[in-house]
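Numbering (this note's numbering), first residue to last: 808 to 1035. Here's the structure we're looking at; comments come further down.
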């Protein structure tokens, strides 16, 4: 009898893949299956067997691409949440460029599939050390993070190359996308229309840049190094 909790993506055909299937297609199919399994069963109950069955791949193929369960879910979380697309940052002003970046990231991270994945990760993190380790490793991605790349370039261009970019990125995320994400995850916030989200993000970018400039001026006046 079919388990009512089993994800619908599970294939009715036996394991194995068509020989003509490209590796990128196999990986995407596996990622989709792993995401469904994580959301349906949680990390503890997720298994390579379940992912193989759901994806319609053989376990041999699965292990060839991902040697362990942790490798598989590291790739899943990294590709679905951290490896964001390139967003347009072209603007005549830093504020305009940062706002464009933030709006692109907002659309990416607040899509329903991303929110469901984040919910599943949050639910598992306190109990699953593997998930905690995965998130910690991905957060250490440095300049692979879109915020960090933009902030690094902005600080260098502004004459402040020694800033703590990770800390600035956390402040920036918290006062913009973080607030919107919290509302989406809890379902307790107001349902903001796209134009309201755009105004909120633009206001956050403006306040962040103004605050950073004021901090630099304060350090300069005090003879400091300029590091916030």
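Every residue, glycine too, gets a C-beta built ideally from N, C-alpha and C. All figures in this text were calculated on a predicted structure; none of them were measured in a lab.
{"Query": "Status (buried if at least 16 other CB within 10 Å, exposed otherwise) for residue 833", "Result": "buried"}
{"Query": "C-beta contact flag for residue 837 and residue 888 at 8 Å", "Result": "no"}
{"Query": "Cβ neighbour criterion (16 or more within 10 Å) applied to residue 1003", "Result": "exposed"}
{"Query": "Under 8 Å between C-beta atoms of residue 916 and residue 988", "Result": "yes"}
{"Query": "Coil, strand or helix - residue 820 by DSSP", "Result": "Residue confidence is low: residue 820 scores 43 on pLDDT, short of 50, so the model does not pin down where it sits. No coordinate-derived value is stated."}
{"Query": "Cβ neighbours of residue 876 in the same chain (closer than 8 Å, five flanking residues each side left out)", "Result": "853, 854, 855, 937"}
{"Query": "Other residues of its chain near residue 968: CB distance less than 7 Å, five sequence neighbours each side excluded", "Result": "962"}
{"Query": "Those runs of the alpha helix (DSSP H) which lie wholly inside the segment 856–900 and span at least 4 residues", "Result": "866–872, 876–884"}
{"Query": "Same chain, Cβ closer than 6 Å to residue 927, five either side skipped, listed in chain order", "Result": "845, 846"}
{"Query": "Identity of the residue in 858, 1014, 1022 nearest residue 841 by Cα", "Result": "858"}
{"Query": "For residue 923, the first and last residue of its enclosing alpha helix (DSSP H)", "Result": "919–931"}
{"Query": "Distance, residue 831 Cα to residue 910 Cα", "Result": "28 Å"}
{"Query": "Alpha-carbon spacing of residue 1060 relative to residue 924, whole angstroms", "Result": "Examination of residue 1060 is not possible in this model, given that the chain is present from 808 through 1035 alone."}
{"Query": "Residue 886 versus residue 861 - alpha carbon distance", "Result": "19 Å"}
{"Query": "Residue span of the alpha helix (DSSP H) that contains residue 967, given as start and end", "Result": "Per DSSP, residue 967 belongs to no alpha helix (DSSP H) and is neither H nor E."}
{"Query": "Other residues of its chain near residue 939: CB distance less than 7 Å, five sequence neighbours each side excluded", "Result": "932"}
{"Query": "Nearest-angstrom Cβ-Cβ length linking residue 992 and residue 922, presumed shorter than 8 Å", "Result": "6 Å"}
{"Query": "CA nearest to the CA of residue 1023, picked from 986, 975, 1008", "Result": "975"}
{"Query": "The alpha helix (DSSP H) enclosing residue 990, as first and last residue numbers", "Result": "984–993"}
{"Query": "Identity of the residue in 1026, 942, 965 nearest residue 901 by Cα", "Result": "965"}
{"Query": "Whole-angstrom distance between residue 913 and residue 959, CA atom to CA atom", "Result": "20 Å"}
{"Query": "Member of 1012, 942, 953, 978 whose CA lies at the smallest distance from the CA of residue 892", "Result": "953"}
{"Query": "Candidates 972, 973, 906, 980: closest to residue 1009 by CA position", "Result": "906"}
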